[in-house]
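In what follows, a single structure is set out as structure tokens and then discussed.
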Amino acid sequence: MHRWWLVCLALATGCGGGASSTPTAPAVPLVTRITIAGSELLLVGKTETFTAASDVGNVTAPRWTSDAPTVATVDLSGHVTAVGIGTATISADASGIRGTKLIRTLPNFAGSWKGGYQQIGCEADGEFVHLQPCDSYWDFASGTTKLTLTQDGATVSGALEFGPYSVSGSISPDGILSLTGTLTGTFTRRLQSVRFESPRDGEMIGSFEELTTSATGSLRMRNELRGMTRRSEP
């Protein structure tokens with residue numbers, strides 16, 4: 004009887020609630036979305052650091068890529084540099100999830116520019132005809148001018164020494180800067196048909212017209228920029 008009691012005691016102890024259990028590890032939150040923070044518009048030649056965050060916190064060391072490296076490049080640290088004109092999609096990959104951001108790049112027209120211009124065409128009517136402004140001398144007229152511009156995204160304003168004009172305008176998606184300006188006095192002079200481009204950062208090419216009008220006539224002169232370069236930025 005004593006031996007049987009010991010066996011029962013051993014069985015009760017082994018099967019009782021005194022045995023320890025292994026704790027369950029907490030579940031790791033799954034990343035389901037990645038969001039990229041950074042500007043939607045960059046100027047050519049400028050660099051900005053983009054960051055990536057997920058719905059469960061910051062993303063550590065995502066894999067950065069650009070689908071248009073001729074427009075914008077991105078390095079391993081998320082430094083995005085605008086190198087051309089157009090649009091690019093910047094991507095950040097982590098934990099099998101991809102976040103994307105579409106950006107637009109535009110030329111940087113801000114700064115002080117200096118260069119030349121060459122007259123390439125002339126039309127006159129009314130009272131301006133007798134001044135003979137479109138003879139061979141005027142057809143080959145040239146000179147130098149300065150252009151000082153400020154830029155806020157795609158909006159540009161400033162001053163053109165030719166005139167001189169206070170100018171304002173905007174940049175189209177394909178990188179063409181259009182400006183207008185008006186001077187009033189004995190005649191009304193208008194800067195128009197401006198098409199300036201910056202094929203390389205710090206260089207500007209393009210053409211513009213100056214239309215002078217009176218009550219009895221008009222004079223239209225067409226010009227091209229020659230060797231316009233940026234001297235300094237704001």
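The opening residue of the sequence shown carries number 4 in our numbering; numbering runs sequentially from there.
Idealized CB from N, CA, C, for every residue including glycine.
Which listed residue (the options) has its alpha carbon closest to that of residue i
i: Glu51; options: Thr108, Val59 and Val34; result: Thr108
i: Tyr168; options: Ser235, Asp155, Lys149 and Ala157; result: Lys149
i: Thr215; options: Gly166, Arg229 and Arg233; result: Gly166
i: Asp58; options: Ser98, Thr153 and Asp138; result: Ser98
i: Cys137; options: Leu222, Val62 and Pro72; result: Leu222
i: Val62; options: Val34, Ala71, Asp70 and Ser42; result: Val34
i: Glu227; options: Ser42, Cys125 and Thr38; result: Cys125
i: Val74; options: Ile37, Lys49, Arg229 and Leu180; result: Lys49
i: Glu43; options: Thr153, Ala162 and Thr103; result: Thr103
i: Asp96; options: Pro72, Arg66 and Gly60; result: Arg66
i: Thr315; options: Val132, Ser217, Phe190 and Arg229; result: In the structure as shown, the chain begins at 4 and stops at 237. Residue 315 is therefore absent and cannot be evaluated.
i: Thr2; options: Gly60, Arg233 and His133; result: Within the shown structure, residues of the chain are numbered from 4 to 237, placing residue 2 beyond reach of any answer.
Residue i to residue j span [Cα, whole Å]
i: Ala127; j: Leu194; result: 16 Å
i: Leu186; j: Arg192; result: 5 Å
i: Thr76; j: Phe112; result: 21 Å
i: Ile123; j: Ser210; result: 9 Å
i: Ala64; j: Gly81; result: 9 Å
i: Val83; j: Gly129; result: 56 Å
i: Ser175; j: Ala157; result: 8 Å
i: Thr68; j: Asp78; result: 8 Å
i: Ser235; j: Gly114; result: 5 Å
i: Arg225; j: Ser145; result: 11 Å
i: Gly188; j: Gln121; result: 25 Å
i: Phe53; j: Gln135; result: 59 Å
i: Glu213; j: Pro237; result: 27 Å
i: Glu164; j: Ala40; result: 40 Å
i: Gly184; j: Val159; result: 12 Å
i: Glu72; j: Leu45; result: Here residue 72 is Pro; the residue named in the question, Glu, does not match the sequence. Their backbone Cα atoms lie some 14 Å apart in a straight line.
i: Asp70; j: Asp155; result: 26 Å
i: Leu180; j: Ala162; result: 14 Å
i: Leu60; j: Arg36; result: A small correction: the amino acid at residue 60 is Gly; Leu does not occupy that position in the sequence shown. Gly60 and Arg36: Cα-Cα distance of roughly 10 Å.
Helix, strand or coil at residue i [DSSP, three-state]
i: Leu79; result: coil
i: Leu45; result: strand
i: Pro176; result: coil
i: Val159; result: strand
i: Val132; result: helix
i: Leu33; result: coil
i: Arg241; result: The first residue shown for the chain is 4 and the last is 237, placing residue 241 beyond what the model contains.
i: Glu51; result: strand
i: Thr73; result: coil
i: Ile208; result: strand
i: Val62; result: coil
i: Ser278; result: A question about residue 278 goes unanswered here, because the residues of the chain that appear run from 4 up to 237.
Own chain partners of residue i with C-beta closer than 6 Å, once the 5 adjacent residues on each side are dropped
i: Leu182; result: Val170, Gly172 and Val197
i: Met231; result: Trp116, Gly118 and Met207
i: Thr38; result: Ala56 and Gly102
i: Ser94; result: Thr68, Arg101 and Thr103
Residues near residue i in its chain [Cβ-Cβ closer than 7 Å; skip 5 each side]
i: Leu105; result: Thr90 and Thr92
i: Leu12; result: Annotation note: pLDDT 40 at Leu12 (below 50); position unreliable, coordinate value reported separately. Excluding residues within five positions, none has a Cβ falling inside 7 Å.
i: Thr219; result: Gly129 and Glu130
i: Phe190; result: Thr215, Thr216 and Ser217
Cut-off 8 Å between Cβ atoms - residues of its own chain near residue i, not counting five sequence neighbours on either side
i: Val47; result: Ala85, Val86, Gly87, Ile88, Thr108, Leu109, Pro110, Asn111, Ser201 and Asp204
i: Gly178; result: Ile88, Leu109, Pro110, Glu200 and Ser201
Q. Which runs of the beta strand (DSSP E) spanning at least 3 residues fall entirely within the segment 96-126, listed in chain order?
A. 100-109
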